[in-house]
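>
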Amino acid sequence: EGWCTPSFRDYSGNDSVGWCAPLTGELRNLEQLSSSDQAKYNKHRQNNEFAKKYRDFTGAEWLSMFPRSRPRNNMHRADFFGQEHSITTRETQFQELPLESELDNISRDYETSNRTDGEELPFQAYRGESRTAIITLKAVSCAPRAFEIKVDGENFLSGAEVDHILSLAKAQNLARSQVGQERGGTNPTRTSFNTWLYREASPVVDAVFRRVADALQIDEALLRQREPHERPDWPESRNSLAEAIQLVHYDVGQEYTAHHDFGYPKNIDGDHPSRWANFLMYLNGNMKGGETSFPRWRNADTSGSMNVKPEKGKAVLFYMLLPDGNLDDLTQHAALPIQQGEKWLANLWIW
């Protein structure tokens, strides 16, 4: 064939694919390949050919493996700055917190219970008089596709909900944040500390998950372990599409340099698992620095980064996949260093 692509090693996870000596570039006879390596070679060659056509047609790099299916869930459009989407939700905000004795870990029956029209929500007395709220998503970026999210014109999380989440976070032992698939150790690109908060931690956290599902316009059952009779259109797995909430704390000088939240494919499977969206919630403001910066965003006015300033209860959604299934390189983002004060935030990743 007359050529060698070293990047194939990354996808195969094998230092010697069989058709190319990785250190010297010496070509080998394709006939010497095993049937397994021959299949890998053909798959990567097909992917490279598609990547060239994709780049010519879109101007963007193909970061996935071909063929790849489109995302199965709804994706809000961001055709122009300021474009808005409105959704009615029954998961209204907690304006006050129930007694501590009422906020024990929720039962499995509670978590899987469906909300029927006309049914009073749990802890309605603490949620205010209104039985519904309007979630508004406003496009703050078209490339990448990103939105700021409000509930009845206010930030996505109420002050009471933020205080409750912070109290749960501070009751746990925070550990040094890790990067990618690493286990243990530290990485100088990410100097924050974090812990994890599961949906069943309390009824308040469960309500946040349900409101996130409404904002995404997907079934809340997809964001938890499902019963056998639920969502038969997802037969391959009953696991939650959502990770636990990652609660992250940054002190003065701490940061997370520019990175992607998705992982690159490590095999030849076109439909390799990948994070689909990040629902980012800020738990405090009043710090200096600490913005979430998107250095690769595209617009007609500036070549500078898009910087999102933290506010208590503020939420931002960005999709890490494009509608065609490709990984969105423009979602690269950074947590800028804290110059004064501290920063708390919550990442909710959905696959």
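So in the numbering used here, spot 163 of the sequence shown is number 266, and the numbers just go up one at a time.
Backbone N, C-alpha and C define an ideal beta-carbon position, used for all residues, glycine too.
Which complete beta strand (DSSP E) runs does the segment 136–176 hold, if anything under 3 residues is left out?
Runs found: none.
> Hey, is residue 381's beta-carbon within less than 8 Å of any beta-carbon in chain B?
Structure shown: chain B not included; a single protein chain is present.
> Pick helix, strand or coil for residue 330, following the three-state DSSP scheme.
Here residue 330 refers to the residue found at position 227 of the sequence shown. Reduced to three states, the DSSP call for residue 330 is coil.
> Under the assumption that residue 318 contacts residue 190 (Cβ atoms under 8 Å), give the Cβ distance between them as a whole number of angstroms.
Residue numbering aside, residue 318 sits at position 215 when the sequence shown is read from its first letter. Residue numbering aside, residue 190 sits at position 87 when the sequence shown is read from its first letter. About 6 Å; that satisfies the 8 Å criterion.
> In this structure, how does DSSP classify residue 416 when only helix, strand and coil are distinguished?
Taking the sequence shown and counting its residues from 1, the one referred to as residue 416 is at position 313. DSSP places residue 416 in coil when its eight states are reduced to three.
> For residue 369, name the three-state secondary structure that DSSP assigns.
Sequence index remark: in the sequence shown, residue 369 carries index 266 (1-based). Coil, per DSSP.
> Just checking, does the segment 424–431 make contact with the segment 322–330 on the three C-beta pairs under 8 Å criterion?
They do not touch, by the three-pair rule.
> Whole angstroms is fine: what's the gap from residue 179's alpha carbon to residue 275's?
In the sequence shown, residue 179 corresponds to position 76, counting from 1. In the sequence shown, residue 275 corresponds to position 172, counting from 1. Whole-angstrom Cα-Cα distance: 35 Å.
> Can you check which of these residues, 280, 309, 141, 397, is closest to residue 407 by C-alpha distance?
Position 304 of the sequence shown, counted from the first residue, corresponds to residue 407. Closest option to residue 407, Cα to Cα, is 397.
> Going by C-alpha distance, which of 139, 161, 355 is nearest residue 370?
Here residue 370 is taken as the residue at index 267 of the sequence shown, counted from 1. Of the listed residues, the one whose Cα sits closest to residue 370 is 139.
> Is the distance from the Cβ of residue 451 to the Cβ of residue 382 below 8 Å?
For this step, residue 451 is matched to residue 348 along the sequence shown. For this step, residue 382 is matched to residue 279 along the sequence shown. Yes. Within cutoff.
> Quick check on the DSSP output: what are the complete beta strand (DSSP E) runs of length 3 or more inside the segment 197–282, in order along the chain?
Counting only runs of 3 or more, we get 236–244, 249–254.
> What is the DSSP secondary structure of residue 312, counted as helix, strand or coil?
Taking the sequence shown and counting its residues from 1, one reaches residue 312 at position 209. It is helical.
> Can you give the beta carbon distance from residue 432 to residue 166, rounded, assuming they're within the 8 Å contact cut?
In the sequence shown, counting from the first residue as 1, residue 432 sits at position 329. In the sequence shown, counting from the first residue as 1, residue 166 sits at position 63. Indeed they touch by this definition, with Cβ atoms about 6 Å apart.
> So, residue 169 versus residue 373, is the Cβ gap smaller than 8 Å?
Looking up residue 169 in the sequence shown gives position 66. Looking up residue 373 in the sequence shown gives position 270. Their beta carbons are under 8 Å apart, which means residue 169 touches residue 373 by this criterion.
> Any idea what DSSP makes of residue 434, helix, strand or coil?
Here residue 434 refers to the residue found at position 331 of the sequence shown. Correct three-state label for residue 434: helix.
> With three or more beta-carbon pairs closer than 8 Å as the criterion, would you say the segment 407–417 touches the segment 257–273?
Touching, yes, given that three or more Cβ pairs across the two stretches are closer than 8 Å.
> Which two residues bound the contiguous beta strand (DSSP E) that contains residue 350?
Counting from one through the sequence shown, the residue named residue 350 turns up at place 247. That run of the beta strand (DSSP E) goes 348–353.
> For residue 218, does the count of other Cβ atoms within 10 angstroms reach 16, so buried, or fall short, so exposed?
For the purposes of this step, residue 218 is taken as residue 115 along the sequence shown, with counting starting at 1. Flag for residue 218 reads exposed.
> Tell me whether the beta-carbon of residue 308 lies closer than 8 Å to the beta-carbon of residue 314.
If you number the sequence shown from 1, residue 308 lands on position 205. If you number the sequence shown from 1, residue 314 lands on position 211. The answer is no: Cβ separation not under 8 Å.
> Nearest-angstrom Cα distance between residue 387 and residue 265?
Residue 387 sits at position 284 when you count from the first residue of the sequence shown. Residue 265 sits at position 162 when you count from the first residue of the sequence shown. For residue 387 and residue 265, the distance between alpha carbons rounds to 8 Å.
> I'd like to know whether the C-beta atoms of residue 325 and residue 300 end up nearer to each other than 8 Å.
The sequence position of residue 325 within the sequence shown is 222, counting from 1. The sequence position of residue 300 within the sequence shown is 197, counting from 1. No, these two residues do not count as a Cβ contact at 8 Å.
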